[in-house]
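Data block below; observations after.
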Amino acid sequence: MSQGERNARFYNYPIAKALEQPYQPPPPPKNPVIKGTALHYLSNLVAAVPFVQYLLWSNAGFGSLRSCKALEDLDPRLDPTVIPIVQPGDDTPSGYTNVTSLPRVPPKDGQPRFHTIQDIHDAYKSGALTPSGVVESLLPLVRRDVAQRGSHSTAFTESKTELVRQAAEASTKRWKAGKPLGILDGIPFAVKDDLDVRGYKRHVGTAHDYTQGKEVGTSWCVRKLEDEGAVLIGKLNMHELGSDTTNNNPIWGTPLNPYNNSYYSGGSSGGAASAVGHGIVPFAIGSDGGGSIRIPSNYCGLYGIKPSHGRVSTAPLPGGLESVVVRGPLATSMADLEVSYRVLAQPDPSCFPSSHFSPPRPHTGPRNKVLGIYKPWFDRADPPVQEACHSALQYFQSELGYEVVDVSIPLLQQGALAHAMTILSEGVDLSHSIWTLTPQNRALLSVAKQTPAADYLLAQRVRNGIMQHLAHLFQKHPGLVIVTPTTPNAGWPIEDADHACGMSNANMTLRSMEYVWLANFAGIPCIQFPVGYVDGVKGKGKIPIGLSGNGEWGSEDALIEFGYDGEKWLREGYDGGKLRPDGWVDVLNLG
């Protein structure tokens, strides 16, 4: 497809222009690793002394964009939104959940299965369970507002039992009358605490209530799921302000990894990943500004999708983090990921740019199966991660007809810095004192305030250059999916000293974000799915490894098909199949 044809099919599509640049691996980071009381005192010093803030800002390398000659001929691009223009025949589907069954992948012989939306739906249909019965079994596990907290309450921040029971009872009545709304009627789900929900507070992982005690409306994507009869059982724990990739949270507690409780669940949607990975809910809604859906999905062996920028409405929340953050689902299976994504991605007529996207729909017709690898970048992953990902890629080629092509991506070192500078600058505006934050964020946001406007604009030039080159690749290879490991590391072990005051390990944070930042900064969609497991370095249990696919703007439907192929690899190609964690909860047999 030529540039002109793309301009006719997309609004705001980048100029397709190759930017060739030799790969420059980033220098080893030199940030100090601080935790415990030392972090507490240092954060106070950083927050109080601007000179120290500037030293740390410079040490992080943010000023290095000033010497990048490749940026001289690029204009800044502040908004990565690219909207597929509605084409003839792109009518709204009659429904997203009015199906009789979802694809269901059986476990390998001898392996226990995970319970999916379809399994719970079938239990309601047979009369073996009711929505009210299911939530009454789940509430004791997730409630924090009782003397004896539930075993999975750390994954949650709040559960409004009256609202939960009302929704479940309404669904139970519909089932008894033989009039369920669809496949999601009565299915329990939960949402990350940075979304607004009527009747709930919104802390965003902090000690501050951003609703300020006022009644708020429910976020569009949550409302769409509730319209289908899904039952919200609570709001989910997250890393404070979504600012790191562990979900270490001294305020709300640290949710544990279902596969190995000596490992983090990942962040910042760590409560969502922990709840879904433990089997409490088959899917949850998270948000992703720098891998915050995909990293926890990776660490907890789940399926997650980061949609195109603007694809999912963020209403009614105000602005903030506007150029990098999106909403999306995490799920235990591809079928659950697909149906939840299609419901929450319905265009919101009151919110731009969501209102200008065409309704999501299943991919139809032939699909180009082209996978792109930038080898020097891919090879930065740890050897066990590379091995697991290459095994899956070999299966895609030999068994599923995929072609693998070499691609290059410029400005990777600068892009990672530019993304970090952008997300920190856009998130630094707080409605409360910085002194109420945990020590890590007290220091981090103090440093972020040092970013000059000129350097912020340099970061947006990096964005433009990368987006133009991606447009060139998508034009050269129609249907291209750029594949990387989701993280270069297999999980992140928890250290005992991390708990009291949190911890600051920017070196490991940047390492875990090696690949994920690209989709956020360029606004493209990205899917993550598990491809294998390795032994943990501590604790008991295996550690999942994930592969990610980055697609062209608006290509979520094709990426979902790629995700199904990833699920097929784990079922048919990988020795052992999808492993179920020891701490998994059997929702269908709790009574």
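All residue numbers for the sequence shown refer to the UniProt record's numbering, where the first residue is 1 and numbers rise by one.
We treat Cβ as the ideally placed atom computed from N, Cα and C, and that holds for glycine.
The C-beta of Arg-367 has fewer than 16 other C-beta atoms within 10 Å across all chains shown, which makes the residue exposed. If the five residues before and after Ser-159 are omitted, its C-beta is found closer than 7 Å to the C-beta atoms of Leu-139, Val-142, Arg-143, Ile-233 and Gly-234, all from its own chain and listed in chain order. Met-513 and Thr-245 do touch by the CB rule: their CB atoms are close to 6 Å apart, below 8 Å. In the structure shown, the three-state DSSP call for Glu-215 is coil.
Just so you know, the alpha carbons of Gln-394 and Gly-566 end up roughly 12 Å apart. Comparing alpha-carbon positions, the option among Glu-162, Gly-205, Tyr-299 and Gln-21 lying closest to Pro-581 turns out to be Tyr-299. Going by beta carbons, Glu-5 and Tyr-341 fall outside the 8 Å limit. Excluding residues up to 5 positions away in sequence, Val-481, Ile-482, Leu-518, Ala-519, Ile-524 and Cys-526 lie with their Cβ nearer than 7 Å to the Cβ of Asn-550 in the same chain. Straight across, the Cα-Cα distance linking Leu-19 with Leu-74 is about 11 Å.
Rounded to the nearest whole angstrom, the C-alpha separation of Gln-212 and Arg-202 is 9 Å. If you draw a 10 Å sphere on the C-beta of Leu-45, you find fewer than 16 other C-beta atoms in it, and that means exposed. Around the Cβ of Phe-352, a 10 Å sphere holds fewer than 16 other Cβ atoms; the residue is exposed. For the pair Gly-133 and Ala-335, the Cα-to-Cα distance works out to about 24 Å. In the DSSP annotation of this structure, Ala-443 is not part of any beta strand (DSSP E); the continuous alpha helix (DSSP H) holding it starts and ends at 439-448.
Under the DSSP assignment, Pro-384 falls in the alpha helix (DSSP H) whose first and last residues are 383-400. Taking a cut-off of 8 Å on C-beta distances, the segment 405-414 does not touch the segment 302-313, as fewer than three cross pairs fall below it. Secondary structure at Gly-277: helix, using DSSP grouped into helix, strand and coil. Asn-247 places its beta carbon 8 Å or farther from that of Gly-277. Looking from the CA of Pro-410, the closest CA among Leu-590, Ser-265 and Ala-70 belongs to Ala-70. Nearest to His-239 by alpha-carbon distance, out of Arg-198, Pro-250 and Leu-579, is Pro-250. Scanning its chain for C-beta atoms nearer than 6 Å, with the 5 sequence neighbours on each side dropped, one finds around Trp-57 the residues Val-447 and Gln-450, in chain order. Gln-24 sits exposed, since fewer than 16 C-beta atoms from the chains shown fall within 10 Å of its C-beta. Around the CB of Trp-435, fewer than 16 other CB atoms lie within 10 Å, so the residue is classed as exposed. Under the DSSP assignment, Ala-284 falls in the beta strand (DSSP E) whose first and last residues are 283-288. Under the DSSP definition of a beta bridge, Val-370 partners with Glu-403 and Leu-480.
In this chain, Asn-249 is not harboured by any beta strand (DSSP E), its DSSP state being neither H nor E. For Asp-535, the three-state secondary structure derived from DSSP is strand. Counting along the chain, Glu-158 sits inside the beta strand (DSSP E) bounded by residues 156-158. Residue state for Met-513 is assigned as coil, using DSSP reduced to three classes. Between the alpha carbons of Pro-282 and Gly-563 lies a gap of roughly 17 Å. Taken atom to atom, the span from the alpha-carbon of Gly-479 to that of Thr-364 is near 13 Å. Here Cys-389 is not near Leu-39, since their CB atoms are 8 Å or more apart. Taking a contact to require three or more Cβ pairs closer than 8 Å, the segment 5-16 and the segment 79-98 qualify as touching.
Under the three-state reduction of DSSP output, Asn-507 falls in the helix class.
Cβ-Cβ separation between Thr-254 and Thr-154: approximately 7 Å, consistent with a contact (criterion under 8 Å). Cβ neighbours of Ala-8 within its own chain (closer than 8 Å, five residues either side excluded): Ile-85.
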